[in-house]
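FYI, my numbering numbers position 127 of the sequence shown as 1278, with every residue one higher than the one before it.
Where is the CB? At the ideal position from N, CA and C, for every residue including glycine.
As structure tokens, the structure follows; a few thoughts come after it.
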Amino acid sequence: MKIKYTVDQDNIKLKDYLKLQGVSRNLLKRVRLEDIAYVNGNLVKNYYEVNKGDIIEIEYNEKLNEDFKTNDIPLDILYEDDYLLVANKQANIAIQPSKRHQEDNLISSVKKYYLEKGIDSNIHIVTRLDFSTSGIVLIAKNGYVHNLLNDSKFDKLYLCKVHNSFEELEGEYTDPIRRVEEINIKRWVFSDGKSAHTIYKVLENGDVSTVEARLLTGRTHQIRVHFAYHNHPLLGDKLYGDSDGELMLHCYKLGFRHPITNEKVEIECYPDWYK
């Protein structure tokens, strides 16, 4: 795999330009010591002077993890380029392998896709969802791109169906959340919990309401806890409510700056129950 840049300034050394792009020290060292840097198709050293319009290509080789298994769960791809893959995760599918989910997980689906397409690179999950939650997941195709995304701001919007009607059609919850000591998997609102901030907008109001939620913090089960605490448990939430069926919580919109092109990327994907 090659990382590509189009130079946007004149008279600057390759190593200095790469630093401005956020290239890690480890990769800069490799550019200095190894023959992996090209400008306009020609092999160059790190002190080579580049100019506006030059095309920089850095070879970045990474092997697909052999320990990951594959599965036949369809991979719903929403966006793909040389650096990123965005998938729509089904509900009740784990993101990564574990003892309980060695094959029925998103990474195993992505691995099968990589093998079919000849993509010899590791799988780096950038944005995560809980097991029961469906929706958009961002994946980096190599560690370098993943590192660039570490400090990125992501605008994530969720759709959910909840019990009971709302008096205020727009609002926010700022109740602190922490783990319930007696139940390892469960979280709840406690005064000594970590800060949590959820903004909501009611789209359909009634005995069952449809709500758009935006997370300004990323606490485990944050949406589920906040709405349950305010007497609006999500439909299908067996942990914080009492309803059966699939959890009605879906990450439907993701916005971010592309780590290579700096262009704004916006992905939308609506759940079947909302259509």
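Cβ-based burial, residue i [other Cβ within 10 Å; buried from 16]
i, result
"residue 1198", "exposed"
"residue 1247", "exposed"
"residue 1262", "buried"
"residue 1184", "exposed"
"residue 1421", "exposed"
"residue 1370", "buried"
"residue 1396", "exposed"
"residue 1154", "buried"
"residue 1368", "exposed"
"residue 1320", "exposed"
"residue 1373", "buried"
"residue 1393", "exposed"
"residue 1415", "exposed"
"residue 1239", "buried"
"residue 1206", "exposed"
"residue 1325", "exposed"
"residue 1194", "exposed"
Cβ-based neighbour list, residue i, same chain, cut-off 8 Å, excluding 5 preceding and 5 following
i, result
"residue 1200", "1162, 1163, 1164 and 1165"
"residue 1220", "1248, 1253, 1254, 1259 and 1262"
"residue 1383", "1313, 1314, 1315, 1317, 1360 and 1362"
"residue 1355", "1361"
Same chain, Cβ closer than 6 Å to residue i, neighbours up to 5 away in sequence not counted
i, result
"residue 1375", "1385, 1388 and 1391"
"residue 1323", "1350"
"residue 1411", "1234"
"residue 1404", "1308 and 1419"
"residue 1272", "1152, 1213, 1292 and 1293"
"residue 1182", "1188 and 1197"
"residue 1229", "1237, 1239, 1418 and 1420"
Residues bridged to residue i [DSSP beta-bridge criterion]
i, result
"residue 1180", "Residue 1180 is not bridged to any residue."
"residue 1349", "1324 and 1366"
"residue 1307", "1405"
"residue 1156", "1207"
"residue 1340", "1328"
"residue 1318", "Looking at the DSSP assignment, residue 1318 forms no beta bridge with any residue, so it has no partner."
"residue 1400", "1311"
"residue 1256", "1245"
Residues of its chain near residue i, where Cβ-Cβ distance is below 7 Å and the 5 sequence neighbours each way are ignored
i, result
"residue 1260", "1222, 1224 and 1226"
"residue 1172", "1156"
"residue 1337", "1331 and 1390"
"residue 1398", "1242, 1283, 1284, 1385, 1387 and 1388"
"residue 1345", "1327, 1328, 1329 and 1370"
"residue 1264", "1226"
Three-way DSSP call (helix, strand, coil) for residue i in this model
i, result
"residue 1408", "strand"
"residue 1187", "coil"
"residue 1291", "strand"
"residue 1242", "coil"
"residue 1251", "coil"
"residue 1261", "helix"
"residue 1391", "coil"
"residue 1163", "strand"
"residue 1220", "coil"
"residue 1196", "coil"
"residue 1214", "coil"
"residue 1375", "helix"
"residue 1380", "helix"
"residue 1231", "strand"
"residue 1170", "helix"
"residue 1236", "strand"
"residue 1202", "coil"
"residue 1298", "helix"
"residue 1426", "coil"
"residue 1267", "helix"
"residue 1274", "coil"
"residue 1357", "coil"
"residue 1419", "strand"
"residue 1226", "coil"
"residue 1280", "coil"
"residue 1285", "strand"
"residue 1413", "coil"
Cβ-Cβ separation, residue j to residue i (assumed contact under 8 Å), whole Å
i, j, result
"residue 1203", "residue 1174", "Not confirmed; about 19 Å, so no contact."
"residue 1245", "residue 1311", "With a Cβ gap of about 20 Å, residue 1245 and residue 1311 do not count as contacting."
"residue 1329", "residue 1317", "About 26 Å separates the two Cβ atoms, so there is no contact after all."
"residue 1294", "residue 1275", "6 Å"
"residue 1308", "residue 1288", "So it is not a contact: roughly 14 Å between Cβ atoms."
"residue 1269", "residue 1402", "Contact doesn't hold; Cβ gap of about 29 Å is too wide."
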